[in-house]
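Protein chains in written order, with my numbering: chain A, 1 to 115; chain B, 1001 to 1112.
Quick reminder that beta carbons are idealized off the backbone N, C-alpha and C, glycines included.
Here's the structure, in structure tokens; my notes come after.
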Amino acid sequence: DTAVSQTPKYLVTQMGNDKSIKCEQNLGHDTMYWYKQDSKKFLKIMFSYNNKELIINETVPNRFSPKSPDKAHLNLHINSLELGDSAVYFCASSPLTGVGDYGYTFGSGTRLTVV
Amino acid sequence: KQEVTQIPAALSVPEGENLVLNCSFTDSAIYNLQWFRQDPGKGLTSLLLIQSSQREQTSGRLNASLDKSSGRSTLYIAASQPGDSATYLCAATNSGYSTLTFGKGTMLLVSP
């Protein structure tokens, strides 16, 4: 199936730990993103990568470090997790930097709970 | 900076009713606007994408319109069904940017 897939789907961890979320798309898209959905269900952009290059970083704490080994993968590593990092993290992709005619495809999300 | 607002925040209707969800945006230099559906605990499913040069898009019982001059988009759902119950999100992209600015969504409940 063509899709954006994220792992894990659920992640429960203690404060202070370091964790990673993986994302892969097999749609051949050029651009990948990380979005955060907070407890009030509001979705906000965190990062945008185009062909492995970071193009947008929306004032996210530097404890969050995205890594794109190739244009089909965009992983999110989080250091020193805090309670406020608890949220659902969505990976997405689109075919052109300017989105174009095709819009976005989202993954199913990773629910991170920091205890 | 683009801001997107959705009204109402929640809507409850009986099955079979036609309904309209509203989305407004502050920056009319919009590149396109996309409507999504999110089921509880799930990801986002794209419903309709309207380019800035278009006025509307249709898919089945869904019709989305775009009026750039007034900064508004509407999602019309005909003959609503219980399976339409979900949160509907609209999101805009602006010229020169690829990221989506989301509204906070409208939570729709269609009762049998």
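Residues of chain B with CB under 8 Å from residue i, in chain order?
i, result
"THR105(A)", "SER1046"
"LEU11(A)", "None at all; the shortest Cβ gap to chain B is about 14 Å."
"PHE64(A)", "Going along chain B, no residue has its Cβ under 8 Å from PHE64(A), so there is no contact; the nearest lies around 16 Å."
For residue i, which residues of its own chain have a beta-carbon under 8 Å away from its beta-carbon, when the five flanking residues on both sides are left out?
i, result
"ASN1018(B)", "TYR1076, ILE1077, ALA1078, ALA1079, SER1080"
Any idea if residue i is buried or exposed, counting beta-carbon neighbours within 10 angstroms, 16 or more meaning buried?
i, result
"ASP38(A)", "exposed"
"ILE21(A)", "buried"
"GLY1071(B)", "buried"
"ILE1007(B)", "exposed"
"THR31(A)", "buried"
"GLY1060(B)", "exposed"
"THR59(A)", "exposed"
"ARG1114(B)", "The displayed coordinates of chain B run from 1001 to 1112. Any statement about residue 1114(B) would go beyond what the structure contains."
"SER94(A)", "buried"
Leaving out five residues before and five after residue i in sequence, what residues of the same chain have Cβ atoms less than 6 Å from its Cβ?
i, result
"ALA1010(B)", "MET1107"
Rank the options by C-alpha distance to the C-alpha of residue i and give the top, closest one.
i, options, result
"LEU1033(B)", "VAL1020(B), GLY1041(B), ALA1064(B)", "ALA1064(B)"
"THR1101(B)", "PRO95(A), PRO69(A), TRP34(A)", "TRP34(A)"
Write down the C-beta distance between residue i and residue j rounded to the nearest angstrom, noting that I regard them as a contact closer than 8 Å.
i, j, result
"TYR89(A)", "LEU76(A)", "6 Å"
"LEU54(A)", "PRO66(A)", "7 Å"
In chain order, what residues of the same chain have a beta carbon less than 7 Å from the beta carbon of residue i, not counting five sequence neighbours either side?
i, result
"ASN1094(B)", "GLN1002, ASP1027, ALA1029, ILE1030, TYR1031"
"ASN17(A)", "LEU81"
Please list the partners that residue i has in chain A, where partner means a Cβ-to-Cβ separation under 8 Å.
i, result
"LEU1066(B)", "Result: empty, since nearest Cβ-Cβ is about 14 Å, beyond 8 Å."
Run through chain B and tell me which residues come within less than 7 Å of residue i, C-beta to C-beta.
i, result
"GLY109(A)", "GLY1043"
Starting from the beta carbon of residue i, find every residue of chain A whose beta carbon is closer than 7 Å, and list them in chain order.
i, result
"THR1099(B)", "TYR33, ILE45, SER48, ILE56"
Name the chain B residues whose beta carbon is nearer than 9 Å to that of residue i?
i, result
"LYS52(A)", "Near LYS52(A) there are no residues of chain B at all, since even the closest Cβ is about 15 Å away, more than 9 Å."
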